[in-house]
Structures are given as C-alpha cells and as structure tokens.
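Under our numbering, the first residue of the sequence shown carries the number 27, and numbering increases by one thereafter.
By construction, the Cβ of each residue, glycine as well, lies at the ideal position given by its N, Cα and C atoms.
Keep in mind that this is a model prediction, so the values were computed, not measured.
Quick notes on the structure that follows.
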Amino acid sequence: MEVEKVLIIDELAQDFMHTPKVEQRGRDYILMFDFESESGSYEWTGITFKDVAKYRHTPDNMVNEDMLKAYNAVGIVKMSNWLKEESPIKNDKTYYNHYLIYFDGFGAYEFLGTNFIKGLNL
Numbered sequence: 027m028e029v030e031k032v033l034i035i036d037e038l039a040q041d042f043m044h045t046p047k048v049e050q051r052g053r054d055y056i057l058m059f060d061f062e063s064e065s066g067s068y069e070w071t072g073i074t075f076k077d078v079a080k081y082r083h084t085p086d087n088m089v090n091e092d093m094l095k096a097y098n099a100v101g102i103v104k105m106s107n108w109l110k111e112e113s114p115i116k117n118d119k120t121y122y123n124h125y126l127i128y129f130d131g132f133g134a135y136e137f138l139g140t141n142f143i144k145g146l147n148l
C-alpha cells in the first residue's frame with residue numbers, strides 16, 4: 027500500500043489524555059483529539075473530513091505495517107482496494123480519496139471522503 031502524507035499532525039498521540047473521538051455531522055466526519063496547550067491545559071482539536079461515504083477504525087492491535095506509514099499524519103492511500111471495493115459509491119460521480127491516520131496506541135482511522143480541513147469546523 028502506497029501512502030502519501032499530505033498533513034503532519036503536530037499533536038502527538040503519546041500526549042493524548044483521552045481516546046480520539048469521531049463524530050458525524052451530516053456527511054462530514056470530525057476526528058477529534060486532545061493536546062496539551064502552552065498553558066498546560068488540555069484542549070480539543072481535530073480534522074474535519076468532508077462529504078464522507080465510508081468510515082472505519084482499526085484497533086491498535088489489528089493495525090498492519092502499511093497503516094504505520096500514516097503515523098501522526100493524514101495520508102492518502104494510492105490505488106486503494108477499499109475505495110475500489112465500495113460498490114455503493116462506484117456509480118457516484120463524486121471523486122473520493124482514501125484518507126488514513128494512525129495514532130500510536132489508538133489505531134488507524136480511515137475515511138473515504140472528498141477533502142479534509144485541519145480543525146474542528148463544527
């Protein structure tokens with residue numbers, strides 16, 4: 027699996043106080059995670075994935091070596107088998123990307139979506 031990193035996530039998973047959360051808002055999905063601010067308090071930030079057709083999470087103990095390529099980053103999976111297999115979106119004229127994020131200790135988060143925006147964008 028070829029993974030192209032398109033965004034490095036500054037907040038490190040080993041510093042998370044809480045498990046990342048995924049919320050759905052219409053067709054958008056928000057991957058939220060906490061971080062220690064300069065003041066020492068913990069705040070939430072995240073990444074909003076736009077127009078998501080599918081989402082899945084792989085627990086850390088089931089992550090494969092290829093998923094590690096998206097360590098603390100948003101990666102685009104090139105020639106994604108998952109994207110090819112999803113029959114409900116095959117006839118959809120929307121262009122989707124297979125986004126992959128791996129957080130050490132928390133697993134891999136994957137989205138089939140059109141785009142993403144850094145931040146919560148609630």
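Exercise for the section: Please determine if the region 61-72 and the region 118-132 are in contact, where contact requires at least 3 C-beta pairs separated by less than 8 Å. Expected result: In short, these stretches do not touch, since the Cβ pair count stays below three.
Problem - Of the listed residues 105, 45, 34, 35, nearest to residue 132 (C-alpha basis) - result: Ranked by Cα distance from residue 132, the first of 105, 45, 34, 35 is 45.
Exercise for the section: Could you have a look at residue 91 and say whether DSSP puts it in helix, strand or coil? Expected result: In the structure shown, residue 91 falls within a helical segment according to DSSP collapsed to helix, strand and coil.
Problem - Unbroken beta strand (DSSP E) run spanning residue 49, endpoints - result: From DSSP, the beta strand (DSSP E) with residue 49 extends over 47-51.
Handout entry: Exposure label - residue 34; buried when at least 16 CB within 10 Å
Key = Burial call: exposed.
Problem - Residue environment, residue 65, which counts as buried when at least 16 other CB atoms sit within 10 Å - result: Residue 65 comes out exposed.
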